[in-house]
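Asks:
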Amino acid sequence: LYWVNSPFENRADGAIAKVDHQLTEKQQLGVNFNLSRGLRKSPEYYPGPANAGAPSYSYENGSLSVQDVFTASPRTVWTLRAATAYGATTSFEQDDSQDYPQQLGLKGVFAGYFPRLTFSNGYLSIGPGTPVFRDRSYNYNGSVAVSINRKAHTFQLSGLARRSFVNSLSPSFPSGWFSFSGSTTALPGVSNTGSAFASFLLGMVSRAEEGVVLHPSYYSKNFFDSTFSDQWRVRPGVSLFGSLSFEVATPRVEKYDRQSTVALDHTNPGNGKPGALIFAARDGIGRGLQPVTARIEPSVSISVNPRNDRKTVIRASYGLSYEDYPLYGRHFGTQGFNATPVFVSPNDQLQPAFLLRDGMPTNFAHPPFLDPTAVNGIEPDYIDRTGLLPANQQWTFSIQRELPRALTLNVVYSGWRGAHELVDGFGRLNMVPVSNLKYRDQLYDEAFRNSLRPFPQYRSFDMGGLYPVGALKGNSMSATIDQRLTGGLFGRFSYRLAKVLDNYSSGTPQDPDNRRLEWSLSTSDITHSVSASYTYELPFGKGKKFFADNDFVTRTLGGWNLSGLTSWRGGQPLILRPLFNRTGGVVGNLRVNIVPGVDPEVEAQTPQQWFNTAAFAQPDDFTVGDGPRTHPQMRDPGAHVHHLSLTKRIELNADTSLEFVSEAFNFLNHANLNDPDTRIGPESSPNLNAGKIIGSTGGRVMQFGLRILF
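In terms of our numbering, the sequence shown opens at residue 431 and continues consecutively.
(1) Can you tell me whether DSSP reads K448 as helix, strand or coil?
(2) If you run the structure through DSSP and keep just helix, strand and coil, what is V1071?
(3) By DSSP, does K471 sit in helix, in strand, or in coil?
(4) Where do the N-terminal and C-terminal ends of the beta strand (DSSP E) with P546 fall, by residue?
(5) Counting pairs of Cβ atoms below 8 angstroms between the segment 864–880 and the segment 677–686, do you hit three or more?
(6) List the residues that DSSP assigns as beta-bridge partners of D912.
(7) Classify F1090 as helix, strand or coil using the three-state DSSP reduction.
(8) Can you list, in chain order, the residues of its chain whose CB lies under 6 angstroms from that of L431, leaving out five sequence neighbours each side?
(9) Look at the alpha carbon of P618 and the alpha carbon of G1111, and state the distance between them as a whole number of angstroms.
(10) Is the beta carbon of S605 closer than 8 angstroms to that of V539?
(11) Check whether the Cβ atoms of R564 and L599 sit closer than 8 angstroms, and answer yes or no.
(12) If I measure Cβ to Cβ from R858 and keep anything under 8 angstroms in the same chain, skipping five residues before and after, which residues do I get?
(13) Tell me the DSSP secondary structure of D1056 in three-state form.
(14) Put K868 into one of helix, strand or coil per three-state DSSP.
(15) For S1087 and F970, what's the separation of their Cα atoms in angstroms?
(16) Specify the secondary structure class of N435 as computed by DSSP and reduced to three states.
(17) Apply the 10 Å Cβ neighbour rule to H958 and answer buried if 16 or more other Cβ atoms are within range, or exposed otherwise.
(18) Over what stretch of residues does the beta strand (DSSP E) that includes N1102 continue unbroken?
(19) When you compare each of D955, E455, Y489, Q887 to K471 by their alpha carbons, which one comes out closest?
(20) Taking the CB atoms as reference points, tell me whether N806 and N944 lie closer together than 8 angstroms.
(21) Of all the options N491, G492, W508, which has the alpha carbon lying nearest to the alpha carbon of V499?
(22) What does the alpha-carbon distance come out to for the pair G1068 and N1096?
(23) Within the same chain, show all residues whose beta-carbon is closer than 6 angstroms to that of I829, passing over the 5 residues directly before and after it, in chain order.
(24) Kindly list the residues whose CB is nearer than 6 angstroms to the CB of R592, restricted to its own chain and excluding five residues on each side of it in sequence; keep chain order.
(25) In whole angstroms, give me the CA-to-CA distance for V734 and Q823.
(26) By how many angstroms is the C-alpha of R1079 removed from the C-alpha of L1136?
(27) Would you kindly work out how many angstroms separate the C-alpha atoms of F522 and A783, rounded to a whole number?
(28) Name the residue from T723, P791, R717, A724 whose alpha carbon lies nearest to the alpha carbon of T764.
(29) Taking three-plus beta-carbon pairs below 8 angstroms as touching, is the segment 1120–1127 in contact with the segment 1040–1057?
(30) Taking the straight line between their C-alpha atoms, what separation do you get for W1208 and T584?
(31) Kindly indicate which residue of S1092, H1100, E1081 has the alpha-carbon position closest to the one of I1138.
(32) Helix or strand or just coil, what does DSSP make of T1043?
(33) Is it buried or exposed, R946, if we count other Cβ atoms within 10 angstroms and call 16 or more buried?
(34) Taking 8 angstroms as the threshold (beta carbon to beta carbon), is R592 in contact with chain D?
(35) If the criterion is Cβ atoms closer than 8 angstroms, does the pair T680 and V722 meet it?
(36) For the beta strand (DSSP E) containing P704, list its first residue and its last residue.
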């Protein structure tokens, strides 16, 4: 049993039990039980129902597994396993009996919680996003495996079946989400002349959304796997391993068939265009909106001791694996049964979506509304129905060598490639083609801009982070030297050289019709990284190099351990963006222009000038930038980490000891510079902070602790 307290009023308790019992000479039973529960108090920006932070919640997690190992013969072993696990999170009850919208004079909302208000100029938001939620998850699985030794082969055949459940009640913005921008109070077409807070004081809402959730959602899905593998000892010093897995997964279904999505191959009766809402288990549609998926996953590896030298091992491997559709919860893909009406300004430079004093509009189809046109005019949920799964290939080659003085060197090359990666892709399918930038100021008219979309009955699509169009590839080389425990010293030093590219890590593409231009360095790419860790038992005390036959000296000087961690990573690629996006809402991630013949690098990087801003320019109005998605040369400053710990253990008796711990995080007090400002403004209104670094993170933190071990 354990209990944990923290300064943030978090609390936890739980229990762990493990039983291993020899039933017979050939059969062994193992049981594992784990239970934890507690509460997590989220920090408040300010107290009261209008707190914009995440709600505090209670949680509970548990698992139980039973495993039976039966040795049928010296060459054959059976393993049967059954397991179950569950998790639950429940927000603290929020008081909606006060009916805060009514007290604020806000009409048209469906709940009494405090509404959510956000501002585009960096003001702190007001009100919670999801004031209440109740989520439960359950997993049940069973597996059987048999291992057979035959001469130089070890065969293994296994099967697994799993059933998963997620139950959720998590309405987002049940009392409305009201967004205020500076465009409504600005002079039309003149930047920096408006204020989001001024729009709020005038009650001029630029965008609003409300979640109307009538029922909890009860989701489930199944997964099956069978695997055959063989480990073949070809000859002394050479081993081969191969495996082949066959996996089948069913799509997510809802207990009461309350699921829906937009089908692009259906005609919308509202305007005769492709794209209409379809519903699970209706009109010939199956209970699962996605297909049953089946795939084969092979892997192979080889291990060689050259010339049968056990001090050197060469390994190579290749594997192909697929990700499954996750069993996502909440209420994504339930429109029609629930509703998420969205209201936007018809022209955010000229008029608001509505005025707060008039209340939230109620001129939308209230659920349940099971009609193909139920999501017309809003941002519908889109569930991909193609059956494409993320496919990942990985190959490695390594050499491990034992060196003198208890050292081990391990050099590893890894390569990987991914296709159909699940990405958010918000609006990717229904963005206005950039060829329509020719309409210029007409694009600020919401109705006109929507008419140019491939599916004009919708503003965009919410993909829920499950759109399989991402691609990536990478390579890395690492070298690690391990010092095995010798003379009280253990240490590890490693260096890594890597390069990672993808087409999705910085969000929505500039031009969705030309995704090839999105291929560039990943935003997480780090070329060089170094780390060193060590533990050293100071050579004082009984049994050590320096020992005095004095009990007081032994207790004082003995039992000290020094450990530390030092790491350094190079910078990540910079993402350069224009200060102003004057594309009429057509382009979300606008890029900068490259100025020909100007070197973006500076001779000596300083916080005052990290890169040459003259190498980049703000694109002209209603044009796209010609710069890369992430810059191939420009990177942020990177980061250093230096931690040190000194521990003293005092043996009280044979079973009990006292341990004093002193830790210093960033003990060198090294400051890591923040990222530079990468927003490039026009000559008429430049960003004076472009290319500059303002501020840093760091500072030495020391803490001391005392614990008893028994």
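Don't be surprised by glycine CBs; every beta carbon is placed ideally from N, CA and C.
Here the structure is a predicted model, which means the values were calculated and not measured.
Replies: A quick look at the data gives this:
(1) strand
(2) strand
(3) coil
(4) At residue 546 the sequence reads Arg, which differs from the Pro that was named. Residues 546–549.
(5) no
(6) T838, R922
(7) strand
(8) Its pLDDT being 36, under 50, L431 is placed unreliably in this model, and the value from its coordinates should be taken loosely. The answer, listed in chain order, is A445.
(9) 19 angstroms
(10) yes
(11) yes
(12) F891, M893, Y897, V899, T938, P939, P942
(13) coil
(14) helix
(15) 18 angstroms
(16) Residue confidence for N435 is low, a pLDDT of 41 falling below 50, so the modelled location carries little weight; the figure read from the coordinates is stated next. Residue state, collapsed to three classes: strand.
(17) exposed
(18) 1101–1103
(19) Y489
(20) no
(21) W508
(22) 15 angstroms
(23) I744, V841
(24) N571, F653
(25) 23 angstroms
(26) 10 angstroms
(27) 33 angstroms
(28) R717
(29) yes
(30) Residue numbering for the chain in the displayed model covers 431 to 1140; residue 1208 lies beyond these limits and cannot be assessed.
(31) E1081
(32) helix
(33) exposed
(34) No chain D appears in the structure shown, which is made up of a single protein chain.
(35) yes
(36) 704–709
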